[in-house]
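Asks: All residue numbers for the sequence shown refer to the working numbering, where the first residue is -4 and numbers rise by one. We treat Cβ as the ideally placed atom computed from N, Cα and C, and that holds for glycine. One structure coming up, written as structure tokens, with questions to follow.
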Amino acid sequence: MSAKDQAAVMQLFDLLESRYALRVIWALSDGHPQTFRLLQDSVGGVTPNTLNTRIKELRAARLVDHGGQGYRLTTQGAELARRLAEVQQFAGKWSHQQARTTTTQPNAHTAGT
């Protein structure tokens, strides 16, 4: 991976690490536009100020747009959501494997006692 590609990945990760950014993308990933209030309810636990900031950042990144019916993912945002769904599938498998490994290994805190 080139330095330019690495920089692009880090830039995207920085954006997605912002609090509630991924939740906004997940909430809009079904393709249905949402008003600000509905999006706030869908994301859950986010203040209006924080949601407004995330929306501005995601709009500036051209991942979210606002149309007549509300906020929606752009074509790029929808592609990102599809790729994140792959991460979700991986996470489910990984979590299951972690749980199996944890239950078959002795607890590190009690192994020497």
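#1: Counting along the chain, where does the beta strand (DSSP E) carrying D25 start and finish?
#2: Candidates P43, T70, Q64, A3: which alpha carbon is nearest R14's?
#3: What are the boundary residues of the beta strand (DSSP E) that G40 is part of?
#4: Looking at C-alpha atoms only, which residue of M5, V59, A55 is the closest neighbour of Q29?
#5: Is G63 helix, strand or coil by DSSP?
#6: For L79, does the three-state DSSP call read helix, strand or coil?
#7: Just checking my contact of L10 with E52 at CB under 8 angstroms: how many whole Å lie between their CB atoms?
#8: Here's the rule: buried if 16 or more other CB atoms are within 10 angstroms of the residue's CB, otherwise exposed. What is G63?
#9: Could you check how far apart the C-beta atoms of L46 and L34 are, in whole angstroms? I think they sit under 8 angstroms.
#10: Using the three-state DSSP reduction, which class does L58 fall into: helix, strand or coil?
Replies: Inspection of the coordinates gives the following:
#1: The residue you call residue 25 lines up with position 30 of the sequence shown. Run containing D25: none; DSSP gives neither H nor E here.
#2: Looking up residue 14 in the sequence shown gives position 19. Considering only alpha carbons, the answer is P43.
#3: Locating residue 40 in the sequence shown gives position 45, where the first residue counts as 1. In this chain, G40 is not harboured by any beta strand (DSSP E), its DSSP state being neither H nor E.
#4: Taking the first residue of the sequence shown as 1, we reach residue 29 at position 34. Considering only alpha carbons, the answer is V59.
#5: Counting from one through the sequence shown, the residue named residue 63 turns up at place 68. It is coil, neither helix nor strand.
#6: Sequence index remark: in the sequence shown, residue 79 carries index 84 (1-based). L79 falls in the helix class under three-state DSSP.
#7: Taking the sequence shown and counting its residues from 1, the one referred to as residue 10 is at position 15. Taking the sequence shown and counting its residues from 1, the one referred to as residue 52 is at position 57. Between E52 and L10 the Cβ distance is about 6 angstroms, and since that is below 8 angstroms, they are a contact.
#8: The residue you call residue 63 lines up with position 68 of the sequence shown. The residue is exposed, with fewer than 16 neighbouring Cβ atoms inside 10 Å.
#9: Position 51 of the sequence shown, counted from the first residue, corresponds to residue 46. Position 39 of the sequence shown, counted from the first residue, corresponds to residue 34. Contact check for L46 and L34: beta-carbon distance about 7 angstroms, within the 8 angstroms limit, so the pair qualifies.
#10: For the purposes of this step, residue 58 is identified with residue 63 of the sequence shown, where counting begins at 1. Note: L58 maps to coil in three-state DSSP.
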